[in-house]
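Working notes, structure below.
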Amino acid sequence: MGGFQPISFYSKLNAGYKLLPFRFTALDNTRIVMTNIAGEFYITTRTILTDLVHHRLDESSQPYVQLRMRGFLVDSKTGVALDTLPIKIRSRLANLPDFTALHLFVVTLRCDHSCPYCQVSRQSESKLDFDMTREIADASIEMMFKSPSPILKIEFQGGEPLLNFPLIKYIVEKCKAKNSENSVRTLSFVITTNLALVNDDIVNFCKLHKIDISTSLDGPEDLHNANRPRPGNNSYQLTFDGIDKFRKVMGRNSVSALMTTTNRSLPRVKEIIDEYVKLGFNNIFLRALSPHGFAIKTKAYQKYKTEEWLDFYKEGLLYIIDLNKKGFHFVESYAQIILRKILTFEPTSYVDLMSPAGAGIAAVVYNYDGDVYASDESRMLAETGDKRFKLGNVLTDGYTDVFLGKNLLDALEESFAKSNPLCEECAFEDYCGSDPIYHYATQGDVVGHKALSAFCTKNITIFRFLLSLMDEDREASKILRKWALR
Amino acid sequence: MKSISLDTRVYKIDDVHRAVYKFADRVSAEIAISKDNSFISVQLSPLPRFRGDLDVLVQELNIELTDQTLRRIVKEETEAVRNVILAHTFSQVARG
Chain A
205 MGGFQPISFY SKLNAGYKLL PFRFTALDNT RIVMTNIAGE FYITTRTILT
255 DLVHHRLDES SQPYVQLRMR GFLVDSKTGV ALDTLPIKIR SRLANLPDFT
305 ALHLFVVTLR CDHSCPYCQV SRQSESKLDF DMTREIADAS IEMMFKSPSP
355 ILKIEFQGGE PLLNFPLIKY IVEKCKAKNS ENSVRTLSFV ITTNLALVND
405 DIVNFCKLHK IDISTSLDGP EDLHNANRPR PGNNSYQLTF DGIDKFRKVM
455 GRNSVSALMT TTNRSLPRVK EIIDEYVKLG FNNIFLRALS PHGFAIKTKA
505 YQKYKTEEWL DFYKEGLLYI IDLNKKGFHF VESYAQIILR KILTFEPTSY
555 VDLMSPAGAG IAAVVYNYDG DVYASDESRM LAETGDKRFK LGNVLTDGYT
605 DVFLGKNLLD ALEESFAKSN PLCEECAFED YCGSDPIYHY ATQGDVVGHK
655 ALSAFCTKNI TIFRFLLSLM DEDREASKIL RKWALR
Chain B
1094 MKSISLDTRV YKIDDVHRAV YKFADRVSAE IAISKDNSFI SVQLSPLPRF
1144 RGDLDVLVQE LNIELTDQTL RRIVKEETEA VRNVILAHTF SQVARG
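Chains as they are written, first to last, in my numbering: chain A, 205 to 690; chain B, 1094 to 1189.
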């Protein structure tokens, strides 16, 4: 009687798989991250990767099954990935046709604070020449309504925008009137303010028109005041009082806060997070300092290296995850944005993590003088004298002049990450962005050499950190996955 | 300074360029092909900001060279299907 062949004999009979496009990058010394053409990831070893590429991977093995399921290969059993991958890629780009949803109105450059890290190159309170006029506001509103986006989010920026509150009122009422004339856009409003000038009239107006508030909170009182000087050195107390005022009238979620990391912040990330928890926030955005405006002039930007900020970030993120493990829901917002890109195909409108770049596509800025900029960062660059990313002026240029002009399109095309050196082969490219303004500001080139790019170092390190956490810590993985789905 | 010599039967010049490009924050490189095209020489000079061990960097570069070879194989093998996927992706791009 003959014997049976071993199972391996039969797998050879059905051998043969075709690779689908993928990229890979080292996660650490022992693990590799692979991502398929739609950005789905798989963590493995170099041995598996090499076997896969050389068609030696055993089809009965777990890695083979996982890789087939996730669209890294096809074989005789299924080629469904060829149908699903295009859908996933399209999903990631689904918001592009809507074009610009976020419209920033810089209603004044005047400010009552003197933050050395200010990226806005603010003017003193007395200089009325730096206020937006009604004529410019009208022209900006006209241009905004030419955007095809079904959602229009109007964000009032400065300086300190409340110093020109009458114009804010004018713009809100004008936008609502125009919107009710002939379209069905969803309008939303937000004021970014230091809250120092809040009074009951302002709060009541915001309540009436459902205007959200975004403020700055750099941490505990001493840190916040040191970072954000103003006459009286009472920025923290005014912020605290302002948050309280708005919440009492408009509810807890009406106010969000952002922090900026300075040299002073670096050893105090847990205290900063505790301050946010104490003040009733459920999230924090651990932000690095960008190379714009006064931050460059005062050299605040150079004061800490990327590595120091990354240590700050990792310590903060681990602390936040620990809070979650203890049952307290609290989110780190930058991680949440990234996790949504890693774990879903939902498109992002976070400008810095878009490719094609979010400049002009996700957001546009109407400056107090009518100049239109591709992003807040390019407006900040212009305040230092470099108008490379000025797209036009609302008083002299039409919508197509601004949005189809070379200044915008060249930057978007040249910086498109899928065709840039190092980015095009990077496994994390679908999670990242191109940020032409950052690279222009730091390297004089919208593409930049990514080996020299702090933007690249920062993001790759965070991607690796998050993926490693999800791979190594089951509880942290659950928490991070929940963040992605909120 | 460190020099490495790479057999052209194993390594392609484009892969060498791509690998070396990644280390531009730490070293500068002079790349040359021998007259008989049998080997590629890479001469690495550490930049002033480089504080690491050049021997370790060479090890990392060797790993990266292997990775670039793998990437090229994947790219060549998947070029056609990549074009099909992308064509399918953008063939249905239209606003309703």
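A virtual CB, placed ideally from N, CA and C, is assigned to each residue, including glycine.
Residue range 594-597 is occupied by the beta strand (DSSP E) that includes A/Gly596. Those residues of the segment 273-295 of chain A placed with their C-beta closer than 7 Å to a C-beta in chain B are Leu286, Leu289, Pro290, Ile293, Arg294, ordered along the chain. The closest CA to that of A/Ser460, considering only A/Phe393, A/Asp416, A/Met336, is found on A/Asp416. Listed by position along chain B, the residues whose Cβ is nearer than 9 Å to that of A/Ile565 form an empty set, because the closest Cβ is around 15 Å away.
For A/Thr390, no alpha helix (DSSP H) run applies; the uninterrupted beta strand (DSSP E) run containing it begins and ends at 390-396, by DSSP. Interface criterion met: the Cβ of A/Ala655 is under 9 Å from a Cβ in chain B. For A/Val257, the chain B residues whose Cβ falls inside 7 Å of its Cβ are Leu1163, Ile1166, Val1167, in order along the chain.
Below the 7 Å Cβ cutoff, chain B contributes no neighbours of A/Thr249, its closest Cβ being approximately 13 Å away.
Residues of the segment 1095-1127 of chain B with a C-beta less than 9 Å from any C-beta of chain A: Arg1111, Tyr1114, Lys1115, Phe1116, Ala1117, Asp1118, Arg1119, listed in chain order. In this structure, A/Pro551 keeps its C-beta atom at 9 Å or more from the C-beta atom of A/Ser318. Under the Cβ criterion of 9 Å, A/Ala230 is counted among the residues facing chain B. Comparing C-alpha distances from A/Ser681 to each of A/Gln540, A/Leu366, A/Arg274 shows the shortest one belongs to A/Gln540.
Annotation: the continuous alpha helix (DSSP H) that includes A/Asp614 extends over 610-618.
For A/Phe669, the enclosing alpha helix (DSSP H) starts and ends at 658-676. In the structure shown, the three-state DSSP call for A/Leu626 is coil. The segment 434-517 of chain A is shown to contain whole beta strand (DSSP E) runs of 3 or more residues at 459-462, in chain order. Distance from the CA atom of A/Met348 to the CA atom of B/Leu1154, rounded to whole angstroms, is 50 Å. From the listed residues A/Ala343, A/Asn528, A/Ala621, the smallest Cα separation to A/Lys378 is found for A/Ala343. Rounded to the nearest whole angstrom, the C-alpha separation of A/Thr337 and A/Glu587 is 19 Å.
In this model, A/Leu522 and A/Glu475 are separated by some 14 Å (Cα to Cα).
DSSP places A/Met238 in the strand class (E or B) of the three-state scheme. Within chain B, no residue has its CB atom less than 9 Å from the CB of A/Phe607, the nearest being about 17 Å off. Nearest to A/Thr234 by alpha-carbon distance, out of A/Lys281, A/Ile252, A/Lys222, A/Arg260, is A/Ile252. Here A/Glu679 is exposed: its Cβ has fewer than 16 other Cβ atoms, across all protein chains shown, within 10 Å.
In the DSSP annotation of this structure, A/Phe549 is not part of any beta strand (DSSP E), being labelled neither H nor E. Setting aside the 5 residues that flank it on each side, A/Thr548 is surrounded in the same chain by Ala688, Leu689, each with a C-beta closer than 8 Å to its C-beta; the list follows chain order. In this structure, the alpha-carbon of A/Thr600 lies about 18 Å from that of A/Val310. Following the DSSP letters along the chain, one finds A/Lys222 inside the beta strand (DSSP E) bounded by residues 221-223. Assigned with DSSP and collapsed to three states, B/Lys1095 falls in strand. Residue pairing by DSSP puts B/Ile1133 in a beta bridge opposite B/Leu1099, B/Ile1126. Taking one beta carbon from each stretch, the segment 1165-1175 of chain B and the segment 223-230 of chain A have 3 or more pairs nearer than 8 Å; the two touch. A/Leu616 is positioned such that its CB atom lies closer than 9 Å to that of A/Ala561. Residue-level contact by beta carbon holds for B/Val1177 and chain A, with a gap shorter than 9 Å. With respect to A/Ala655, B/Tyr1114 sits close: the two C-beta atoms are nearer than 9 Å. Cβ proximity to chain A below 9 Å picks out nothing from the segment 1137-1155 of chain B. Collapsing the DSSP output to three states places A/Lys380 in a helix.
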